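Here the structure comes first, spelled out in structure tokens, and everything after it is commentary.
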Amino acid sequence: MTATEVLFLLFAALAVGSALLAMTSKQLVHSALWLVVTLGAIAGCFVLMTAEFVAWVQVLVYVGSIVVLVIFALMMTRQPTAGPSAEVTGNRWTAAVLGVVAAGGLGATVVAGFEGERIEGDHIGTAASLGEALFNDWVLAFEVLSLVLLAALIGAIVISRAGSER
Amino acid sequence: MPLLYPLVLAAVLFGIGVYGVLARRNAVLMLLGVELMLNAVNLNLVAFDAWLGDEIHTGQSLTLFTIAIAAAEIGLGLAIILALFRAVRTIDVDQVGAQS
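Those protein sequence lines, which keep their order, are chains C and P. Take 94 as the starting number for the first sequence in the working numbering and just add one per residue. Take 15 as the starting number for the second sequence in the working numbering and just add one per residue.
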């Protein structure tokens, strides 16, 4: 077992543990902060799978902005009059069974399909190679994606303005 | 590195995300579950990209697209949740269903 594999297993354990904590923590803000740990560990996994640029984008976009947005929304909707705020619904056991079934099914499928295959890491996704791929082969999808982002921005502004005028 | 490590990790994270979406009562935390599932997909994409040694980096490019879509989704989702909060003063999905 190489050092890469040991590191990957460590990151994987960190990701799974903090994801469990994020999904079961009673404190809402703690959930968001545990999600930061999960996303950071996944970024570490990306680095170990020779995807440097994706790892940095993950850190910048997810940890830097999405989690901040989530924490912002949690602060803004921290309602004092919401009654009993048990953070987990009564169907948590059904949800747990469904989650285990989903993970087990997917896991069994990938084990059956890809057992014994190995990743040979000589194909590094630096910003240079990934930018070349993006702007040579994926440029149409890239532009469409910018349109989608613009539409989402405008939509978010419209939705949040419509409520405040009443 | 065996290909199974990232794939099994992605399956486990996906299961945790499913649990989070179904079990959480707070709408913002349901969005966090969706983010976790999207990250499981990203892990799969990057793993297969590295496994295939793809010349045009299909998996990593699609991962960047997924991250951007996730940013758009979280922005819109939080806007909707804030509008909902203004309308009914709660983001508890059980109570929202009961009040409407």
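Where a beta carbon is used, it is the ideal one built from N, C-alpha and C, also for glycine. Since this is a predicted model, take the numbers as computed values, not measurements.
Supposed close pair residue i, residue j - CB separation, criterion 8 angstroms
| i | j | result |
| --- | --- | --- |
| residue 81 of chain P | residue 154 of chain C | 5 angstroms |
| residue 32 of chain P | residue 195 of chain C | 5 angstroms |
| residue 19 of chain P | residue 207 of chain C | That pair is no contact at about 11 angstroms. |
| residue 286 of chain C | residue 53 of chain P | Nothing can be reported for residue 286 of chain C: it is not among the residues displayed for chain C, which extend from 94 to 259. |
| residue 50 of chain P | residue 34 of chain P | 6 angstroms |
Helix, strand or coil at residue i according to DSSP, with G and I counted as helix
| i | result |
| --- | --- |
| residue 184 of chain C | coil |
| residue 254 of chain C | helix |
| residue 68 of chain P | coil |
| residue 215 of chain C | coil |
| residue 191 of chain C | helix |
Alpha helix (DSSP H) segment containing residue i, residue limits
| i | result |
| --- | --- |
| residue 74 of chain P | 72 to 102 |
| residue 111 of chain C | 96 to 117 |
| residue 32 of chain P | 18 to 37 |
| residue 224 of chain C | 220 to 230 |
| residue 145 of chain C | 145 to 150 |
| residue 124 of chain C | 121 to 141 |
| residue 105 of chain P | No alpha helix (DSSP H) holds residue 105 of chain P; DSSP gives it neither H nor E. |
| residue 164 of chain C | 160 to 169 |
Sub-8 angstroms separation of residue i and residue j beta-carbons
| i | j | result |
| --- | --- | --- |
| residue 219 of chain C | residue 145 of chain C | yes |
| residue 111 of chain C | residue 134 of chain C | yes |
| residue 22 of chain P | residue 224 of chain C | no |
| residue 41 of chain P | residue 107 of chain P | yes |
| residue 25 of chain P | residue 109 of chain C | no |
| residue 245 of chain C | residue 86 of chain P | yes |
| residue 191 of chain C | residue 89 of chain P | no |
| residue 188 of chain C | residue 37 of chain P | yes |
| residue 252 of chain C | residue 97 of chain P | yes |
| residue 160 of chain C | residue 78 of chain P | no |
| residue 67 of chain P | residue 216 of chain C | yes |
| residue 115 of chain C | residue 71 of chain P | no |
| residue 156 of chain C | residue 193 of chain C | no |
| residue 3 of chain P | residue 221 of chain C | This structure gives no information on residue 3 of chain P, because the portion of chain P shown stretches from 15 to 114. |
| residue 113 of chain C | residue 30 of chain P | yes |
Cβ-based neighbour list, residue i, same chain, cut-off 8 angstroms, excluding 5 preceding and 5 following
| i | result |
| --- | --- |
| residue 167 of chain C | 121, 122, 125 |
| residue 117 of chain C | 181 |
| residue 228 of chain C | 235 |
| residue 16 of chain P | none |
| residue 171 of chain C | 121 |
| residue 27 of chain P | 50, 51, 53, 54, 57 |
| residue 127 of chain C | 111, 112, 114, 115, 118 |
Residues near residue i by beta carbon distance below 6 angstroms, same chain, minus five either side
| i | result |
| --- | --- |
| residue 76 of chain P | 59 |
| residue 91 of chain P | 45 |
| residue 137 of chain C | 104 |
| residue 47 of chain P | 31, 34, 35 |
| residue 152 of chain C | 136 |
| residue 65 of chain P | 17 |
| residue 164 of chain C | 125 |
| residue 107 of chain C | 134 |
Sequence-distant residues of the same chain with beta carbon closer than 7 angstroms to residue i, five excluded per side
| i | result |
| --- | --- |
| residue 99 of chain P | 105 |
| residue 212 of chain C | 142 |
| residue 73 of chain P | 59, 60, 62, 63 |
| residue 233 of chain C | none |
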